[in-house]
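Chains as they are written, first to last, in the working numbering: chain Z, 547 to 870; chain U, 233 to 549.
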Amino acid sequence: MNSPLVDIRDLRVKFSGQRTVHALNGVDIALSPGESLGILGESGSGKSVTLKAMLRLLPPRRTTVAGSIAVDGQDVLAMNADTLADYRGKTVSMIFQEPALALDPVYTLGHQIAESVIRHEGCDRATARQRALDMFERVRIPSPARRLDAYPHEMSGGMRQRAMIALALACRPKVLLADEPTTALDATVQIQILLLLRELQREMGMAMIFVTHDMGVAVEVSDRIAVMYGGRIVESGGVADVIKSPSHPYTRGLLASTVHGAMRGTRLEAIAGAPPSLATAPTGCSFAPRCRLATPACEGAVPPMVGVGPAHVARCIAVAPAAA
Amino acid sequence: MLIYLIRRLIFVLPIALAVGVVCFSLVHIAPGDPLVSILPPDAPQTLVEQMRKSYGFDQPMPVQFGIWLGKVVTGDLGTSIATSRPVAGEIGKAVGNTLLLAMVATLIGFFFGCLFGFVAGYFRDSVIDRIAVTVSILGVSVPHYWLGMVLVICFSVLLPWLPATGAGPGSSADWRWDWEHMRHLILPAITMSVIPMGIITRTVRALVGDILSQEFVDALRAKGLTDGGIFRHVVKNAAPTALAVMGLQLGYLLGGSILIETVFSWPGTGFLLNSAIFQRDLPLLQGTILVLAMFFVAVNLVVDVVQTALDPRIKRG
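Here you go:
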């Protein structure tokens, strides 16, 4: 069996400073070329930290990273500054949540895309600009040639996010990381951007990790879904498996608390309690304090991943393992 | 851009008029009779009246202002009471010297201010940062006439390396770019550069810290830019504000160099203003204040235009 394109093993991230936060407590992700993984979780569950760790964008002075991240056979955590800069944007690139903040306000969009192309491919300005124009056409920005000379503040939110996608895809990365790219957009624009992303991802044969807190969005763009809670993946499997037969109590709670499929007139079910503080590394199941099925054993040790179906696993001692 | 420029120029007119009114009336509100300084104390009353008439001081204030304004617009700032020479000529010579000193000082201050500011902003909370902040606070707080005197004591008296006064060998007031003249510029320029240096250091440090904490810097890293590439983005983001602060400092230095020019006997407008005040030379005083104020207005205009050209977010409408 060939090794996956992205292979993250037991990734742990700790922020120290005025407050210590154990943001990631052992995350494993394996992703094949062309595969799309949706990471689902609430604020503070470690979704964005996982993406940032993959590009080593976390502030080095305050962050302790353990475990391993291998992308395309390269050990990301061992890279020196030059290799890292070559890897960023070329092998793995990222779309940010708020394009208005993630684009430099004083350079034109065309310049920012061309800059990336020149950086990685060493071509001349005219070629890079042509590439930027091609990308603008692919993300379907109207009158692309004119928009290349626009500044970020001159575009609408949806157009800015299209430009951000064009920027991220300009150097044909093997892996695309998307950090809640539609959260800041209107609902109607949201679905356009999602469909566009999905289409481009398939066309260009990229692997994609898409982070969101919105179940509907995750279903739309993913082949597989991983649910994160308290800095760990608590359940992962194919989209249909996770949605139709959620195994982890947290996933069930999430599904029960969405409007999708709920009967009119019935009350939505909320998960009681608040997310864990993560000031200390959790020694047991982080969800136990909020879980209805919790037993004393849940707090005793971190539950192992249990297979609940083909390629469908959950980190809960209360679920019955699938018959082998 | 051209329409923007024209609009900005039109906006300057009412400001200039207001400046003119303030200049004119300030001097007349000030106590002291200008004629006292040129006439002997025992001058006969008829002579005093005659002099008053010839300078136009007997007219009502608005009429005096109208006459004064009419002349100013044509470039005639009147005649100095003390020297009986045209004020415009006196100021013209002094302005060149002041511009030279203020510009050199601002450039020195801007260069070191940006250098310290960038280093401090990049290495926030490091030892270098603390040193830069301390130096900048000292620069802003130290009285510059005192610093000027200390420098004179050190480098002119104890170590006879540089001249303490004047703008050239002997009492030459005509500037030339040779070592003999430039030696005279060093001490006053350094003294004067300390304030803009401190202010620009603090501004640039805050700017760089703010820019580096923005998400687009992460995004630039994420697309593979090296530190050098990111530096270019930081510079372009910081430039409009840094240049605006520099322009304002230049404006302040043009007008506020009275103390330094007096300490170093630098034949500029500040020196001129100082002597005009002591000699109650009203036309000279009015003319100098007006010219300095107009400089400030002009510098502000240039800063605005440059800022608009650099920062696409500022509307040109």
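Quick reminder that beta carbons are idealized off the backbone N, C-alpha and C, glycines included.
Give the residues from the region 435 to 449 of chain U that approach chain Z closer than 8 Å (Cβ to any Cβ), ordered along the chain.
Gln446, Glu447 and Phe448
Taking 8 Å as the threshold (beta carbon to beta carbon), is Leu417/U in contact with chain Z?
Position 185 of the second sequence, counting from 1, holds the residue named residue 417/U. Taking Cβ atoms only, chain Z never reaches closer than 8 Å to Leu417/U, which makes this a no.
Note down, in chain order, all residues in the region 531 to 548 of chain U with a beta-carbon under 8 Å from any beta-carbon belonging to chain Z.
Leu542, Asp543, Pro544 and Arg545
Contact set between Ala476/U and chain Z, taken where Cβ atoms lie within less than 7 Å:
As a working note, residue 476/U is residue 244 in the second sequence. Those within 7 Å of Ala476/U in chain Z number zero; the least Cβ separation is about 14 Å.
Leaving out five residues before and five after Leu731/Z in sequence, what residues of the same chain have Cβ atoms less than 7 Å from its Cβ?
Reading the first sequence from its first residue, position 185 is the one you call residue 731/Z. Same-chain partners within the cutoff: Gly703, Gly704, Gln707 and Ile739.
Looking at chain U, which residues of the region 680 to 699 of chain Z have a Cβ within less than 7 Å of any of its Cβ atoms?
Tyr697 and His699
Would you list the residues sitting across from Met520/Z in a DSSP beta bridge?
The first residue shown for chain Z is 547 and the last is 870, placing residue 520/Z beyond what the model contains.
Neighbour list for Val652/Z in chain U, Cβ cutoff strictly below 7 Å:
What you label residue 652/Z is simply residue 106 of the first sequence in a count that begins at 1. Going along chain U in sequence order, the residues near Val652/Z (Cβ under 7 Å) are Lys468, Asn469, Asp543 and Pro544.
Between the region 486 to 517 of chain U and chain Z, which residues of the former have CB atoms less than 9 Å from a CB of the latter, in chain order?
none
Nearest chain Z C-beta to Met233/U closer than 8 Å, yes or no?
Start at 1 with the first residue of the second sequence, and residue 233/U comes out as number 1. Cβ-Cβ to chain Z under 8 Å: no for Met233/U.
Under a CB-based cut-off of 8 Å, is His465/U close to chain Z?
In the second sequence, residue 465/U corresponds to position 233, counting from 1. Closer than 8 Å to some Cβ of chain Z, the Cβ of His465/U qualifies, so yes.
Going by DSSP, which residues form a beta bridge with Arg778/Z?
In the first sequence, residue 778/Z corresponds to position 232, counting from 1. Answer is Tyr775/Z, bridged to Arg778/Z.
Pick out whichever of Asn506/U, Val359/U and Phe297/U has its Cα sitting closest to the Cα of Ala196/U.
Given that chain U is displayed from residue 233 to residue 549, the structure contains no residue 196/U and the question cannot be resolved.
Classify Gly891/Z as helix, strand or coil using the three-state DSSP reduction.
It is not possible to answer for residue 891/Z, since the shown part of chain Z is limited to 547 through 870.
Gly536/Z: first and last residue of the uninterrupted beta strand (DSSP E) it sits in:
Nothing in the structure corresponds to residue 536/Z, since chain Z is present only between 547 and 870.
Mind the definition here: the region 614 to 626 of chain Z touches the region 794 to 802 of chain Z only if three or more C-beta pairs lie below 8 Å; say whether that holds.
no
According to DSSP, is Phe289/U part of a helix, a strand, or is it coil?
Working through the second sequence from its first residue, we reach residue 289/U at position 57. In this structure, Phe289/U counts as coil in the three-state DSSP scheme.
Do we get a CB-CB distance below 8 Å when we pair Gly456/U with the residues of chain Z?
Residue 456/U sits at position 224 when you count from the first residue of the second sequence. Yes, Gly456/U counts as interfacial toward chain Z.
Leaving aside the five residues before and after His376/U along the sequence, list all residues of the same chain whose C-beta is less than 8 Å from its C-beta, in chain order.
Position 144 of the second sequence, counted from the first residue, corresponds to residue 376/U. Taken in chain order, the residues that qualify are Thr423, Met424, Val426, Ile427, Leu491 and Ile492.
Listed from N- to C-terminal order along the chain, which residues in the region 772 to 793 of chain Z have their beta-carbon within a distance smaller than 7 Å of any beta-carbon of chain U?
none
What are the partner residues of Leu586/Z, as DSSP defines its beta bridges?
Position 40 of the first sequence, counting from 1, holds the residue named residue 586/Z. Leu586/Z pairs with Thr758/Z and Val773/Z.
Return no unless some Cβ of chain Z is closer than 8 Å to the Cβ of Tyr236/U.
If you number the second sequence from 1, residue 236/U lands on position 4. No, because no Cβ of chain Z sits closer than 8 Å to the Cβ of Tyr236/U.
Taking Cβ-Cβ distances shorter than 9 Å, what residues in chain U pair up with Arg665/Z?
Within the first sequence, the letter at position 119 stands for residue 665/Z. Within 9 Å Cβ-Cβ: Lys455, Gly456, Leu457, Thr458 and Gly461.
Please work out which residues of its chain come closer than 8 Å, Cβ to Cβ, to Ser388/U, disregarding the five sequence neighbours upstream and downstream, and give them in chain order.
What you label residue 388/U is simply residue 156 of the second sequence in a count that begins at 1. Around Ser388/U: Leu394, Pro395, Ala396 and Leu419.
Taking 8 Å as the threshold (C-beta atoms), are Val535/U and Leu475/U in contact?
Residue numbering aside, residue 475/U sits at position 243 when the second sequence is read from its first letter. Residue numbering aside, residue 535/U sits at position 303 when the second sequence is read from its first letter. Contact: yes.
Taking the straight line between their C-alpha atoms, what separation do you get for Gln481/U and His413/U?
The residue given as residue 481/U occupies position 249 in the second sequence. The residue given as residue 413/U occupies position 181 in the second sequence. Looking at the two C-alpha atoms, the distance is approximately 25 Å.
With a 10 Å radius around its C-beta and 16 neighbouring C-beta atoms as the bar for buried, classify Met233/U as buried or exposed.
Working through the second sequence from its first residue, we reach residue 233/U at position 1. By the 10 Å Cβ count, Met233/U comes out exposed.
Three or more C-beta pairs closer than 8 Å, one from the region 583 to 593 of chain Z and one from the region 754 to 765 of chain Z: is that the case here?
yes
Excluding the five sequence neighbours on either side, which residues of its own chain have a C-beta within less than 6 Å of the C-beta of Met547/Z, listed in chain order?
Numbered from 1 along the first sequence, position 1 holds the residue referred to as residue 547/Z. Any reading at Met547/Z needs caution, since the residue's pLDDT is 45, under 50, leaving its predicted position unreliable; the model's value is listed next. Answer for Met547/Z: no residue qualifies.
Ignore the nearest five residues each way along the sequence and tell me which others in Asp290/U's own chain have a CB closer than 7 Å to its CB.
As a working mapping, residue 290/U is identified with position 58 in the second sequence. Taken in chain order, the residues that qualify are Arg284.
Taking its Cβ as the centre, do 16 or more other Cβ atoms sit within 10 Å of Arg770/Z, making it buried, or is it exposed?
Walking along the first sequence from the start, residue 770/Z turns up at place 224. Looking at its Cβ environment, which holds 16 or more other Cβ atoms inside 10 Å, Arg770/Z is buried.
In chain U, which residues lie with their C-beta within 9 Å of the C-beta of Arg634/Z?
Position 88 of the first sequence holds residue 634/Z. By Cβ distance, chain U contributes Arg453, Ala454, Lys455, Gly456 and Leu457.
When we look at the beta-carbon of Ala421/U and count the other beta-carbons within 10 Å, is it buried (16 or more) or exposed?
For the purposes of this step, residue 421/U is taken as residue 189 along the second sequence, with counting starting at 1. Buried.
Let me see if you follow: with CB-CB separation under 8 Å, is Phe561/Z close to chain U or not?
Here residue 561/Z is taken as the residue at index 15 of the first sequence, counted from 1. False, the Cβ-Cβ gap to chain U never drops below 8 Å.
Fully enclosed by the region 607 to 679 of chain Z, which beta strand (DSSP E) runs are 3 residues long or longer?
609 to 617 and 638 to 641
What does the alpha-carbon distance come out to for the pair Tyr236/U and Ser768/Z?
Along the second sequence, read from residue 1 onward, the residue named residue 236/U stands at position 4. Along the first sequence, read from residue 1 onward, the residue named residue 768/Z stands at position 222. If I take the Cα positions, the gap works out to 51 Å.
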